[in-house]
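Novice: Residue numbers (my numbering), protein chains in the order written: chain P, 1 to 199; chain D, 200 to 398.
C-beta atoms are modelled at their ideal positions from N, C-alpha and C, and glycine is treated no differently.
There are 2 protein chains.
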Amino acid sequence: MSDSPREIEALIETLARLPGLGPRSARRAVLHLLRKRGALMLPLADALRLVAETARDCLACGNVSTSEICPICSNPERATGELCVVEDVADLWAMERAGGFRGRYHVLGGTLSALDAIGPDELRIPQLLRRVREEGITEVILALNATVDGQTTAHYIAEALAGTGATLTSLAQGVPIGGELDYLDDGTITAALRARRRF
Amino acid sequence: MSDSPREIEALIETLARLPGLGPRSARRAVLHLLRKRGALMLPLADALRLVAETARDCLACGNVSTSEICPICSNPERATGELCVVEDVADLWAMERAGGFRGRYHVLGGTLSALDAIGPDELRIPQLLRRVREEGITEVILALNATVDGQTTAHYIAEALAGTGATLTSLAQGVPIGGELDYLDDGTITAALRARRRF
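(1) With DSSP as the reference, label T169 (chain P) as helix, strand or coil.
(2) Identify whether R196 (chain P) lies in helix, strand or coil by the three-state DSSP scheme.
(3) Residues of chain P with a CB under 7 Å from the CB of L383 (chain D): which are they?
(4) In terms of residues, what are the limits of the beta strand (DSSP E) holding L83 (chain P)?
(5) With DSSP collapsed to three states, give me the class of S264 (chain D).
(6) Would N344 (chain D) pass as an interface residue toward chain P - the criterion being a Cβ-Cβ separation below 9 Å?
(7) For the stretch 329-358 of chain D, which residues have a beta carbon sitting closer than 8 Å to at least one beta carbon of chain P?
(8) Under 7 Å, CB to CB, which of the residues in the stretch 274-295 of chain D have a partner in chain P?
(9) Taking V229 (chain D) as the reference, give the member of P:L181, P:R17 and P:R28 with the closest Cα.
(10) Counting only runs that start and end within the stretch 66-154 of chain P, where is the alpha helix (DSSP H) found for 4 or more residues in a row?
(11) Kindly list, in the order they appear in chain D, the residues whose Cβ is closer than 8 Å to that of S113 (chain P).
(12) Is L108 (chain P) near E87 (chain P), with beta carbons less than 9 Å apart?
(13) List the whole-angstrom C-beta distance separating Q372 (chain D) from T387 (chain D), where the pair is believed to meet the contact cut-off of C-beta under 8 Å.
(14) What first and last residue would you give for the alpha helix (DSSP H) that runs through L33 (chain P)?
(15) What's the C-alpha gap between A365 (chain D) and R330 (chain D)?
(16) In chain order, what residues of the same chain have a beta carbon less than 6 Å from the beta carbon of V222 (chain D), not counting five sequence neighbours either side?
(17) Which value, in whole angstroms, describes the spacing of the CA atoms of L247 (chain D) and A39 (chain P)?
(18) Taking H106 (chain P) as the query, report the chain D residues whose CB atoms sit under 7 Å from its CB, ordered along the chain.
(19) Is the distance from the Cβ of E159 (chain P) to the Cβ of L83 (chain P) below 9 Å?
(20) Check each residue of the stretch 258-274 of chain D: if its Cβ is closer than 8 Å to any Cβ of chain P, include it; give the result in chain order.
(21) What number of angstroms, rounded off, separates the C-alpha of L241 (chain D) from the C-alpha of V374 (chain D)?
(22) Can you tell me whether R205 (chain D) is helix, strand or coil according to DSSP?
(23) Among D:E333, D:G378, D:G377 and D:H354, whose alpha-carbon lies nearest the alpha-carbon of L367 (chain D)?
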């Protein structure tokens, strides 16, 4: 649309770069925002700027935070001695949504990858080893993705933590709650069969 | 997530109010924005603020604009004497995307509605009548939606414009390009049959 105001076209193009929004839905979102300039458009601009200017990595765990230490690490009720190791912040958020874990986290920032030349020092693995030694961690839960890189990373961490006295565990693999066998991949079914338990 | 930074939760909630985004996709969008703070998050905040502060209704046609007169109205190549009447800016954008129209627009801002007590003076109908008289309009194209309120509004405008000398037309109704009869509603098929043309 050449006869469209430049500023509005620029906003649509920027918004269309968000995951889950394409040019069409970005256009629809901008129309909605234009109708609610004061109630939605300005608050959204302010919220984005505030987060962009204050968001940082938690110095302790690598979670995204607006303070030096994130709310999870600074919550004394969560100093349980359990440390959950995740690849990235999205995984931490998924664990928190599930709500079953009351310990603290350690965000690696990725996985080891020979192809992409990502070694332990590119991730927060040295910090993890230091935390396990210094913070009285009794259990390290490896909540890494069930991918080749995720599992390679898990094995590397397991070796590096041998001898620290911390128990190492990983998330169980099996049939998802509500899952139907007919729709599951073969790998999951095989893993669930191997890890079968007495009924 | 009680242990999540307040500012980030507020951003997710605000973003989730956009059409097409729910809480889950808003969360995913915020993770993406956090990874691209400088390249995407701040530019988006700035683009939103700029549009929120400069967007206004074009004084001539009611289109959204960042100047007193919108780029379409101020484009001399579009002063063709053809005026396309649409309900809202979304419809104007749809017409512009289609790209077949090179005249100018008039945005009513809604449709007449007895139920919602919306009369001609709540819409930009008086301005339309004035424009048709004063701007040398030769054809008024009624591109209103094929709804009861849309067609009521079209009939009202047609009566009000009787005697101005301007030709009144409306968008053709029929089978959409690429449309299959089997999937079309009965009303459209009947309208297409009634408006059949020699092959």
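Specialist: Answer, in terms of the structure:
(1) If DSSP states are grouped into helix, strand and coil, T169 (chain P) belongs with the strands.
(2) Of the three classes helix, strand and coil, the one that applies to R196 (chain P) here is coil, per DSSP.
(3) Correct list: empty, because the minimum Cβ distance to chain P is about 22 Å.
(4) Looking at the DSSP string, the run of the beta strand (DSSP E) that includes L83 (chain P) is E82 to V86.
(5) The three-state secondary structure of S264 (chain D), taken from DSSP, is strand.
(6) No - not a single Cβ of chain P is within 9 Å of the one on N344 (chain D).
(7) Cβ contacts with chain P: none found.
(8) Against chain P - using a Cβ distance shorter than 7 Å - the residues of the stretch 274-295 of chain D are N274, V288, A289, W292 and E295.
(9) The shortest Cα separation from V229 (chain D) among P:L181, P:R17 and P:R28 belongs to P:R17.
(10) Inside the stretch 66-154 of chain P, DSSP marks whole alpha helix (DSSP H) runs of 4 or more residues at positions 89-98 and 125-134, from first to last along the chain.
(11) Listed along the chain, the chain D residues whose CB falls inside 8 Å of the CB of S113 (chain P) amount to none; the nearest CB is some 18 Å away.
(12) Yes, the pair counts as a contact, with Cβ atoms nearer than the cut-off.
(13) Rounded to whole angstroms, the Cβ separation of Q372 (chain D) and T387 (chain D) is 7 Å, and the two are in contact under 8 Å.
(14) From DSSP, the alpha helix (DSSP H) with L33 (chain P) extends over P23 to R35.
(15) If I take the Cα positions, the gap works out to 11 Å.
(16) Correcting the residue identity first, residue 222 (chain D) is Pro in this sequence and not Val. So the qualifying residues of the chain are A215.
(17) Straight across, the Cα-Cα distance linking L247 (chain D) with A39 (chain P) is about 13 Å.
(18) Within 7 Å Cβ-Cβ: nothing; H106 (chain P) doesn't reach chain D, min ~15 Å.
(19) Not in contact: E159 (chain P) and L83 (chain P) (Cβ atoms no closer than 9 Å).
(20) From the stretch 258-274 of chain D, only V263, S264, T265, S266, C269, P270, I271 and N274 have a Cβ closer than 8 Å to chain P.
(21) Their backbone Cα atoms lie some 45 Å apart in a straight line.
(22) Per DSSP, reduced to three states, the secondary structure at R205 (chain D) is helical.
(23) Nearest C-alpha to L367 (chain D): D:H354.
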